[in-house]
Each structure stands twice: as structure tokens, then as C-alpha cells.
Amino acid sequence: MCLALSATRSAGQGQDPAVPQKVEIPPTATVLEGIPTVRIDSTEADTTRRVLSVADAAKDRLTVTVVDGRFYWRSRGDRPLRLSSTGAFTYLSSEPGTYIKITRVNNRISYVEHVDLGFESVTWWGEMRIVVGR
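Numbering (numbering that gives the first Met the number 0), first residue to last: 0 to 133.
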């Protein structure tokens with residue numbers, strides 16, 4: 000089963016679509032899957048933003064597995080992740096400079112995946128789904 004958030008709502012119902020909302024990861028979650036739409040590469044001298052093709056998005060796909068309530072960054076060598084929250088954001092982090100930030104905006108789960116590589120960094124922006132009970 001996949002936890003998906005409906006993109007539609009009736010007038011006057013639900014939350015303000017422009018306000019980020021905290022994402023609660025259900026205890027039955029088994030995988031968090033993210034498809035990036037934008038990649039940003041930054042150095043001291045330059046920053047490049049590019050919209051990803053379907054093929055590039057598939058190569059840069061985010062995968063986090065959940066085993067016995069513990070999170071592992073599968074797409075980064077199964078690094079263990081710590082779960083924390085602040086305000087409207089849920090974070091999964093493994094070490095300083097590497098994290099996944101998750102929120103719900105406009106009834107979709109949006110994420111930012113950030114990885115520091117020395118004095119360079121790569122940031123992906125995309126949409127996530129939470130798979131439960133697989």
C-alpha cells in the first residue's frame with residue numbers, strides 16, 4: 000500500500016495549501032521514495048540549477064528504507080539516518096551537511112535532499128511518496 004495525499008480538496012475544507020505542514024511517517028512505513036525534479040550544484044565560484052529529465056530523475060531517485068523503525072538512506076550506501084522534526088519540517092540526517100527535509104505543501108509531500116561534498120554541494124528538490132506495509 001502507498002500513502003498518497005490527494006491533490007484535490009473541496010472549497011473551504013482542509014488546510015491552507017500554501018502553508019507547509021509537518022509530515023508524520025506512519026509506523027507501518029517501509030520505504031520513502033522520492034523523484035527529484037530539480038538539481039542544484041553549488042561551489043564557491045558557481046551555482047547551476049537544472050530541471051531534470053525523466054532519465055536523470057530516475058538516476059537521482061531518493062530511496063530510504065525503514066527496518067524495525069530505523070531509517071536507512073539506501074540511495075547513499077544504506078547510511079543510518081536520524082529522524083527529527085522542527086515546525087512544519089521533518090528531517091532525516093546522517094551527518095553534518097547531509098540531510099533530507101520533508102514537508103507537505105499543496106497536499107503533496109515535498110522533499111529536499113542535500114549532500115555536501117567537501118566545499119561543493121548538491122541539492123535535489125522533488126516529490127515523495129511513503130510506502131506502507133510492503
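Just so you know, even glycine gets a beta-carbon here, dropped at the ideal spot from N, CA and C.
Beta-carbon gap between residue i and residue j smaller than 9 Å
i, j, result
"residue 75", "residue 97", "yes"
"residue 24", "residue 50", "no"
"residue 125", "residue 27", "no"
Beta-carbon separation (whole angstroms), residue i vs residue j, contact threshold 8 Å
i, j, result
"residue 102", "residue 53", "About 24 Å separates the two Cβ atoms, so there is no contact after all."
Of the residues the options, the one placed nearest residue i, counting alpha carbons only
i, options, result
"residue 17", "129, 105, 34", "105"
"residue 43", "128, 126, 120", "120"
"residue 41", "110, 73, 122", "122"
"residue 117", "47, 95, 85", "95"
"residue 71", "126, 32, 39", "32"
"residue 77", "38, 61, 87", "61"
Paired residues, beta bridge with residue i - DSSP
i, result
"residue 28", "131"
"residue 84", "89"
"residue 125", "35, 110"
"residue 64", "30, 71"
"residue 102", "109"
"residue 50", "37"
"residue 97", "94, 114"
"residue 23", "Its beta-bridge partners do not exist; DSSP assigns none."
Nearest-angstrom Cα separation, counted from residue j out to residue i
i, j, result
"residue 79", "residue 63", "10 Å"
"residue 113", "residue 91", "11 Å"
"residue 36", "residue 99", "15 Å"
"residue 19", "residue 107", "10 Å"
"residue 59", "residue 34", "8 Å"
"residue 30", "residue 67", "12 Å"
"residue 56", "residue 129", "18 Å"
"residue 110", "residue 83", "14 Å"
"residue 81", "residue 89", "10 Å"
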